[in-house]
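Number of protein chains: 2
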Amino acid sequence: MFEVLFEHIDKKITLTKEEENKLTPFFIPKKYRKRQYVLQQGDICKYIAFVEKGMLRSFQVDDKGNEHVIQFAPEGWWIADNYSFLTGSPSSYDIDVLEDAEVLLITQTALEEMLQAIPVMERYMRILMQNSLISMQNRIACTLGSNAEERYQGVLKALPNIAQRVPQHMLASFLGITPETLSRVRRQLLKNS
Amino acid sequence: MFEVLFEHIDKKITLTKEEENKLTPFFIPKKYRKRQYVLQQGDICKYIAFVEKGMLRSFQVDDKGNEHVIQFAPEGWWIADNYSFLTGSPSSYDIDVLEDAEVLLITQTALEEMLQAIPVMERYMRILMQNSLISMQNRIACTLGSNAEERYQGVLKALPNIAQRVPQHMLASFLGITPETLSRVRRQLLKNS
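Protein chains in written order, with the UniProt record's numbering: chain A, 1 to 193; chain B, 1 to 193.
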């Protein structure tokens, strides 16, 4: 169950076998079925989740009932409402399951204890936080400054097979464009390839 | 020159005297005069800056030439274009000096070396990154969800004497409101106090 997490950690820091064994009890392994919710808007985000298998998604529902996809998290990705998790305030979005999933959950208390027990994990968490910050700023800059084609290509770079794994309307929502624009962009790219 | 930085670090982690002595050579102390630039849009943000004295500000200039204040950084605050600093891409904003300032600069290479030399600083940096993430999400949520009065009160909580230290039009810009609205909000709060 911890294979993908250890792989992910191993790209950034080196854990001894002993540290790996110390690490696992801080996590709660959990299975989710497609369409289940991991977090619902208004609840406090008690866990950050690492996806070992399957796919999760975070999204926001606006006043008119339209869904806006914030993040796709396939295997090897972390997902949470960081703000709610870190501050204890109610979450402003939902996290649900797009493909049957196996995830590793960790609470804030367990995370803090884990960092005390395995100090080298501070580095891993620092890099994670740093990457969240980068992708958040990138997301804002992209929404403001890039066209649909650039945004689509950016997503394919981060999530190569995303177009095969999620419905087109969700991918369009993530890109902040209409499904029609997404179809046009995809046709255009196929023509040019 | 390092008093305020050590105070800031001390709130989050404990450094030995030896670690403190190891820390200082990684920083470049620098003095700036009011109106000088620390970073200009389009340049790569090579340093993150810790303000020991005075005040810095980051801002963006839109196509119409209007300034939008992103952050005020008085003594005890860090400031940078994190995205540009971490990714090496051109900065999308400027950082200038609002009050004669003494700052401590650190490059990405020096930061990485410092973290190798003093591993406990990973924890400090992780907390910094985490707080940047929180304040960024907060900033977005506030701009979308709060009224002018709530936003003004939020800023006063983080920066108690900001209204006495920066011109009103900059404070209004930071809040995303007109100077007229800011005047109205301040009169209203005085009446109610």
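Every residue, glycine too, gets a C-beta built ideally from N, C-alpha and C.
Fair warning: this is a prediction, and the values are worked out from it, not measured in the lab.
{"Asked": "Outcome for G42 of chain A when other beta-carbon atoms lying within 10 angstroms are tallied against a minimum of 16", "Found": "exposed"}
{"Asked": "Residues, ordered as in the chain, of the region 92–126 of chain B that lie near chain A by beta-carbon distance below 8 Å", "Found": "S92, L115, P119, V120, E122, R123, M125 and R126"}
{"Asked": "Interface residues of chain A facing I134 of chain B [CB-CB closer than 8 Å]", "Found": "N82, Y83, L86 and T87"}
{"Asked": "Beta-ladder partner(s) of L39 of chain B, from DSSP", "Found": "B:I95"}
{"Asked": "Through-space distance from K34 of chain A to Q116 of chain A, alpha-carbon basis", "Found": "35 Å"}
{"Asked": "Contact set for Q153 of chain A: own chain, Cβ-Cβ below 8 Å, skip 5 residues either direction", "Found": "L189"}
{"Asked": "Closer than 9 Å at the beta carbon, the chain B residues around N138 of chain A", "Found": "Y83 and T87"}
{"Asked": "Under 8 Å (Cβ pairs) to chain B, residues found in the region 151–165 of chain A", "Found": "none"}
{"Asked": "Q130 of chain A: contacting residues in chain B (beta-carbon distance under 7 Å)", "Found": "L86 and M129"}
{"Asked": "Cα-Cα separation, D10 of chain B to E122 of chain B", "Found": "14 Å"}
{"Asked": "Stretch pair the region 74–85 of chain B + the region 53–63 of chain B: three plus CB contacts closer than 8 Å", "Found": "yes"}
{"Asked": "Cβ shell of E102 of chain A (< 6 Å), same chain only, five flanking positions each side left out", "Found": "K31, E52 and K53"}
{"Asked": "Neighbourhood of V4 of chain A by C-beta, 6 Å cutoff - its chain only, sequence neighbours within 5 removed", "Found": "E52, E75 and G76"}
{"Asked": "Inter-residue spacing [alpha-carbon to alpha-carbon] between M1 of chain A and F50 of chain B", "Found": "42 Å"}
{"Asked": "Buried/exposed call for L156 of chain B, threshold 16 Cβ in 10 Å", "Found": "exposed"}
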